[in-house]
Structure formats: structure tokens, C-alpha cells
Amino acid sequence: MPETRADNVIMQKVRDGDLAKMAVLFERHHRALFRYFTRLTGNHGFAEDLVQDVFFRIMKYRATYRDGSPFTSWMYQVARNAYLDGVQKRKNETPLFEESVPEPASSEPDPSEILRRRQDLGLLRRALAALPVEKREVLVLSRFQNLKYDQIADILQCDAGTVKVRVYRAIKALSQIFFELAGEKAS
Amino acid sequence: MTCDQVKEHIADYLAGALGPAEAEELNEHFAHCAACKQEAETLAATWEALGLLEQEQPSEALRPRFYESLEAYRQGLQAAKPEPVRHRFFDWRLRGFQLGWSAALLIVGLIVGQWLGDRRHGRTDLARLQDEVQHMRQLVTLSLLQQQSASERLRGVDYAYRVQESDTQVLTALLHAVSHDPNVNVRLAAVDALHRFADSPAVRGSLQQSLVKQDSPLVQIALIDFMVDTHDTGAVSALSSLERSSMVNKNVKEKAVWGLSQLQ
Chain A
28 MPETRADNVI
38 MQKVRDGDLA
48 KMAVLFERHH
58 RALFRYFTRL
68 TGNHGFAEDL
78 VQDVFFRIMK
88 YRATYRDGSP
98 FTSWMYQVAR
108 NAYLDGVQKR
118 KNETPLFEES
128 VPEPASSEPD
138 PSEILRRRQD
148 LGLLRRALAA
158 LPVEKREVLV
168 LSRFQNLKYD
178 QIADILQCDA
188 GTVKVRVYRA
198 IKALSQIFFE
208 LAGEKAS
Chain B
2 MTCDQVKEHI
12 ADYLAGALGP
22 AEAEELNEHF
32 AHCAACKQEA
42 ETLAATWEAL
52 GLLEQEQPSE
62 ALRPRFYESL
72 EAYRQGLQAA
82 KPEPVRHRFF
92 DWRLRGFQLG
102 WSAALLIVGL
112 IVGQWLGDRR
122 HGRTDLARLQ
132 DEVQHMRQLV
142 TLSLLQQQSA
152 SERLRGVDYA
162 YRVQESDTQV
172 LTALLHAVSH
182 DPNVNVRLAA
192 VDALHRFADS
202 PAVRGSLQQS
212 LVKQDSPLVQ
222 IALIDFMVDT
232 HDTGAVSALS
242 SLERSSMVNK
252 NVKEKAVWGL
262 SQLQ
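The listed protein sequences derive, respectively, from chains A and B.
When the count follows this note's numbering, it moves up by one through the first sequence with no breaks and lands on 214 for the last residue.
When the count follows this note's numbering, it moves up by one through the second sequence with no breaks and lands on 265 for the last residue.
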């Protein structure tokens, strides 16, 4: 997602009391936020509630937005907090992802061959759901939200090198789960 | 470049963010390290496959929900705005002046009201007041239904009893709560609140769809009761699909069979 100067200017206006400008920010970002939450939670209804919550928080905490700070990174920080609070509140309710973490497969087929041959997106979706949330999050931010590593570093409040290591570990773990699932299916 | 250094560059390799010099070093390493090359290719294939996953879209209800909450928030801020502070020097004079004027206007108003006593005007004012109260109730209901806390959302459902039956925005919010609220108690309360709207074909249709998609057996049972109470014969196909499904909770299935026997 390209960071636009206009977003920052609009957010400054919102902060200074022009709440009608929230509509512009909503129209620009609500779809991306919805996809972010859908990939994280696997639940459309919950994802929409979280999108709603993010824009509510942006209004409520608008005074904390600092001049010149990148809006997208700030928005995703708000989004992460909304997600963590939302998950905490749902603790005793319906599990978000229904898929369980697969058991390791007994035989190991050639991984790259399987991926090329099958392109099984259903398995990939299940593998993504089975990934621990901190790994899923870094993949969602880098692969689906098209954020650059230094932007992700801002959001996760670490340095870009750490983000790159986390991306490597996450994609590797995802591949392993995928091939385990594919192995189960093949056996 | 060592194997460990390659791992540090994989993220940039996947994102296509390697500089020319780094890309060349990586390719040189791959030329004599089959393990690293194979790992990079596998990870790149997974990375590419992720891009093929469908881009999901939010429902049409999200946009109106946002604009309603924005409006409610703005009105809330406006209502909470403090009165401007007057200069203390003129304060006592202004207050005396205002008090005098208010008393005079009140007396004039009473006299004029008594003399003229135009009933038609009275009715217009009353209708306007009722409109305003309805609007306020609608805002409170919609705002409560969007709160984080489940107990606040339950209050919102309770408030929904006070709005008019023709209020489509509250109706939409209640239907949304039945299908999407994360809390089962809120969903159950919303089903009860929808009894007032049961004559609407849109409500019936929406609840029939919700019945099949629900993940909570309790809500499904409440929906079946709703359908039987309201003699919704259009629900037969939704109930039949529950009866046939092997994934449905046993109690829900029994309830669906009972519902079918009542409606057919």
C-alpha cells in the first residue's frame, strides 16, 4: 500500500476537528483493513467489527496522531491493538479458525514438485490458518498488505532486519505446514 | 556469501527488493549450494502461491455502519461541547438581562398561547418533537450496537424496542447482529427483538439465510422457534437443508424436524 502524503494531511485535519474527513480515510483504507483482519482471524463478521473499531479508535484517539508521522503505519498500529483487544474479549467464544494444526506427515514427498503440481489453494489457506498468529501477521503485512519492510518495522516496533528474519521464518513454517498437509492428503 | 547470510536475504529475494550486487552474490551462492537453492525456490513458490489466494470483500453493510457511527460520534461531540465562557465583568449584567427577557418572553408566550391556542400548530410541534425523540432513540440504538462491550450491545438491542417498526437502519443493525455479533447472548437478544419486524419479507429471508450459516446451536434453535412462531412457511427449505446436513448439531437437527412438522 503506497504511503500518500495526502493521508497524513487528511489525518491532521481530522485531528484538528474536521471529522467529516474520516470518510476519505475510510474509503481509502477499509478494504485493506478488512483483508488484513480476515487473513488474521479467518472470520468475516469479526473482521468487519474490527474495521469498524479501528475507525472508531482513530476518531477517539485522533489527538495522539503526530504531525508528519506516516498515517499507514499509525493506522496499522491502531489495527493491531484493536485485534489484540478483540481476541482477548472473544477468548471464551467460538474459535476463530476452525482448522487445527496438522500432525507431521510420515513420508516426505518432494516439496517443490507438490507445489508446482497441485497449486492447492485450499491447503494453502488451511496452512495459513494453522500458522501461529505472530508468523501469520508478518506474512499478512508483507505479502497481502504490500507494506515495505521498514513500514512493517514501524508497525511492529522493531528494526527492518528483524522483520526480514521473521518473514523468512514465517514463510518457511508456512511451507512446512503446507507440505505436511499435502503429504497427509496424498497418503 | 555463507548459507546463514543467504537466509538473511531471503525476505528481500521474495519481495524482489534485492540490489543488483546482492542478487549476483545470491546467484553465485546458489550455483554451488543446491540446498540453499532448493529452499529458496520452495519458499518463492509458496510466496507466489499466496498471491493467488482470493481477495475477499467486506459486506455491503460495513459502509452504512461506518457512516452511521461517524454521524453519531459527531453529534455526540456537538452535544457535549461546553457553552462558551462569558467575560466575568459582564456576567451579572448579562444574567440579569437574560433573566428579565426570559421571564418577559415566557409571559408573552403564555398569553399568546392562551389567546391563539392554535391546535394545528400544537400538533405540528408535537410531531416534530416526536420525530426528534425517534431520531435520538435510533442514534442511541445504533451507537450502542456498535460498542466493543457485549453488555453495551445488549443494551442497544434493548433500546431497539423503543424505535418505530419502520426504522430500516435499526432493522439492518439487528439483522447484522443476529448473523455476525461475536457474542451469542447478543445474537439471541437480537432474534427476540426482531419479532416486532416479523411481517417484513426481508427479515424472514435474512433470518432463513442466517439459520443455515450460524455457528451457534443456541441461536439456530432460537431462529427455528422464531420461524414457527411467525408461521414462516418460506423457512421450509432452510429447515430441510439443516435436517439433511451431516454437520449440524444433533439438537438443532431434532428442532429442525419439529419445525418442519409445524410448518408443513
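Cβ coordinates follow ideal geometry from the N, Cα and C atoms, glycine included.
Report task. Check whether the Cβ atoms of residue 164 of chain B and residue 148 of chain B sit closer than 7 Å, and answer yes or no. Result -> Residue mapping note: residue 164 of chain B aligns to position 163 of the second sequence, counting from 1. Residue mapping note: residue 148 of chain B aligns to position 147 of the second sequence, counting from 1. No, these two residues do not count as a Cβ contact at 7 Å.
Query raised in the report: Interface residues of chain A around residue 48 of chain B at Cβ under 7 Å?
Result: Here residue 48 of chain B refers to the residue found at position 47 when the second sequence is read from its first residue. Result: 170, 198.
Query - Test item: CB-CB of residue 51 of chain B and residue 163 of chain A under 7 Å - result: Numbered from 1 along the second sequence, position 50 holds the residue referred to as residue 51 of chain B. Numbered from 1 along the first sequence, position 136 holds the residue referred to as residue 163 of chain A. Taking 7 Å as the Cβ cut-off, residue 51 of chain B and residue 163 of chain A do not qualify as a contacting pair.
Query raised in the report: If you draw a straight line from the C-alpha of residue 56 of chain B to the C-alpha of residue 62 of chain A, how long is it?
Result: Position 55 of the second sequence, counted from the first residue, corresponds to residue 56 of chain B. Position 35 of the first sequence, counted from the first residue, corresponds to residue 62 of chain A. Distance between the alpha carbons of residue 56 of chain B and residue 62 of chain A is about 7 Å.
Query raised in the report: Around the C-beta of residue 133 of chain B, are 16 or more other C-beta atoms found within 10 angstroms, so that it is buried, or is it exposed?
Result: Along the second sequence, one-based indexing puts residue 133 of chain B at 132. With fewer than 16 other Cβ atoms within 10 Å, it is exposed.
Query - Contacts that residue 195 of chain A makes with chain B (C-beta to C-beta distance below 7 Å) - result: Taking the first residue of the first sequence as 1, we reach residue 195 of chain A at position 168. Under the 7 Å cutoff, chain B gives 8, 11, 12.
Query raised in the report: By Cβ distance below 6 Å, which residues in the same chain neighbour residue 38 of chain B in space, the five residues on each side in sequence not counted?
Result: The sequence position of residue 38 of chain B within the second sequence is 37, counting from 1. Here the set comprises 31.
Query - Contact set between residue 154 of chain B and chain A, taken where Cβ atoms lie within less than 7 Å - result: Within the second sequence, residue 154 of chain B is the residue found at index 153, counting from 1. Per Cβ cutoff of 7 Å: no residues; residue 154 of chain B is ~10 Å from chain A at best.
Query - Whole-number beta carbon distance between residue 151 of chain A and residue 71 of chain B, since they are thought to touch under 8 Å - result: Numbered from its first residue, the second sequence carries residue 71 of chain B at position 70. Numbered from its first residue, the first sequence carries residue 151 of chain A at position 124. The C-beta separation of residue 71 of chain B from residue 151 of chain A comes to about 37 Å, leaving the pair out of contact by the 8 Å criterion.
**Report entry** CA-to-CA distance, residue 111 of chain B to residue 59 of chain B, given in whole angstroms
**Finding:** Numbered from its first residue, the second sequence carries residue 59 of chain B at position 58. Numbered from its first residue, the second sequence carries residue 111 of chain B at position 110. Rounded to the nearest whole angstrom, the C-alpha separation of residue 59 of chain B and residue 111 of chain B is 56 Å.
Query raised in the report: Does any C-beta atom of chain B lie closer than 7 Å to the C-beta of residue 131 of chain A?
Result: On the first sequence, position 104 is the one that residue 131 of chain A refers to. Note that residue 131 of chain A scores a pLDDT of 40, beneath 50, so its modelled location is shaky and nothing firm can be said.
Query raised in the report: Is any beta-carbon of chain B found at less than 7 Å from that of residue 72 of chain A?
Result: Sequence index remark: in the first sequence, residue 72 of chain A carries index 45 (1-based). Output row for residue 72 of chain A: interface = yes.
Requested in this report: For the alpha helix (DSSP H) containing residue 158 of chain B, list its first residue and its last residue.
Outcome: Within the second sequence, residue 158 of chain B is the residue found at index 157, counting from 1. First-last of the alpha helix (DSSP H) with residue 158 of chain B: 151-160.
Report task. Taking residue 114 of chain A as the reference, give the member of A/196, A/74, A/188 with the closest Cα. Result -> Taking the first residue of the first sequence as 1, we reach residue 114 of chain A at position 87. Ranking the options by Cα distance to residue 114 of chain A, first place goes to A/74.
Requested in this report: Assign residue 57 of chain A to one of two classes, buried (16 or more other C-beta atoms within 10 Å of its C-beta) or exposed (fewer than that).
Outcome: Residue numbering aside, residue 57 of chain A sits at position 30 when the first sequence is read from its first letter. Residue 57 of chain A comes out buried.
Query raised in the report: Does the beta-carbon of residue 60 of chain A have 16 or more other beta-carbons within 10 angstroms, so that it is buried, or is it exposed?
Result: One-based indexing of the first sequence puts residue 60 of chain A at position 33. Label assigned to residue 60 of chain A: buried.
Report task. Ignore the nearest five residues each way along the sequence and tell me which others in residue 166 of chain B's own chain have a CB closer than 8 Å to its CB. Result -> The sequence position of residue 166 of chain B within the second sequence is 165, counting from 1. So the list reads 197, 198, once near-sequence residues are dropped.
Report task. Could you pull the start and end residues of the alpha helix (DSSP H) that residue 29 of chain B belongs to? Result -> Residue mapping note: residue 29 of chain B aligns to position 28 of the second sequence, counting from 1. Where residue 29 of chain B is concerned, the enclosing alpha helix (DSSP H) stretches over 21-33.
Query raised in the report: Are there three or more Cβ pairs, one per stretch, closer than 8 Å when the region 176-195 of chain A is compared with the region 7-14 of chain B?
Result: yes
**Report entry** Residue environment, residue 106 of chain B, which counts as buried when at least 16 other CB atoms sit within 10 Å
**Finding:** Residue numbering aside, residue 106 of chain B sits at position 105 when the second sequence is read from its first letter. By the neighbour-count rule (16 or more Cβ atoms within 10 Å), residue 106 of chain B is not buried but exposed.
Query raised in the report: DSSP state of residue 117 of chain A, grouped into three classes?
Result: Counting from one through the first sequence, the residue named residue 117 of chain A turns up at place 90. Correct three-state label for residue 117 of chain A: coil.
Query raised in the report: Along the chain, where does the alpha helix (DSSP H) that runs through residue 87 of chain A open and close?
Result: As a first step, residue 87 of chain A must be located in the first sequence, where it is residue number 60. Residue 87 of chain A -> alpha helix (DSSP H) spans 71-87.
Requested in this report: Can you give me the start and stop residues for the alpha helix (DSSP H) that residue 177 of chain B sits inside?
Outcome: Reading the second sequence from its first residue, position 176 is the one you call residue 177 of chain B. Its alpha helix (DSSP H) spans residues 169-181.
Requested in this report: Report all residues from its chain with a CB closer than 8 Å to the CB of residue 160 of chain B; omit the five preceding and five following residues, and keep chain order.
Outcome: Translated into the one-based positions of the second sequence, residue 160 of chain B becomes position 159. Only 138, 141, 142, 145 meet the Cβ criterion.
Report task. Compare the C-beta of residue 63 of chain B with all C-beta atoms of chain A and state if any pair is closer than 7 Å. Result -> Translated into the one-based positions of the second sequence, residue 63 of chain B becomes position 62. So, interface residue.
Requested in this report: Residues of the region 86-101 of chain A with a CB closer than 9 Å to any CB of chain B: list them in chain order, please.
Outcome: 86, 87
Query raised in the report: So is residue 233 of chain B buried or exposed if we call it buried at 16+ other beta carbons inside 10 Å?
Result: Position 232 of the second sequence, counted from the start, is the residue given in the question as residue 233 of chain B. Residue 233 of chain B comes out buried.
Query raised in the report: Leaving out five residues before and five after residue 177 of chain A in sequence, what residues of the same chain have Cβ atoms less than 7 Å from its Cβ?
Result: In the first sequence, residue 177 of chain A corresponds to position 150, counting from 1. If we look at residue 177 of chain A and ignore the five residues flanking it on each side, its Cβ neighbours are 187.
Report task. Please state whether DSSP places residue 164 of chain B in a helix, a strand or coil. Result -> Reading the second sequence from its first residue, position 163 is the one you call residue 164 of chain B. Residue 164 of chain B falls in the coil class under three-state DSSP.
Report task. Please confirm if the region 234-246 of chain B is in contact with the region 209-225 of chain B, defined as three or more CB-CB distances below 8 Å between the two stretches. Result -> yes
Report task. Could you check what DSSP says for residue 56 of chain A in three-state terms: helix, strand or coil? Result -> Residue 56 of chain A sits at position 29 when you count from the first residue of the first sequence. Three-state result, residue 56 of chain A: helix.
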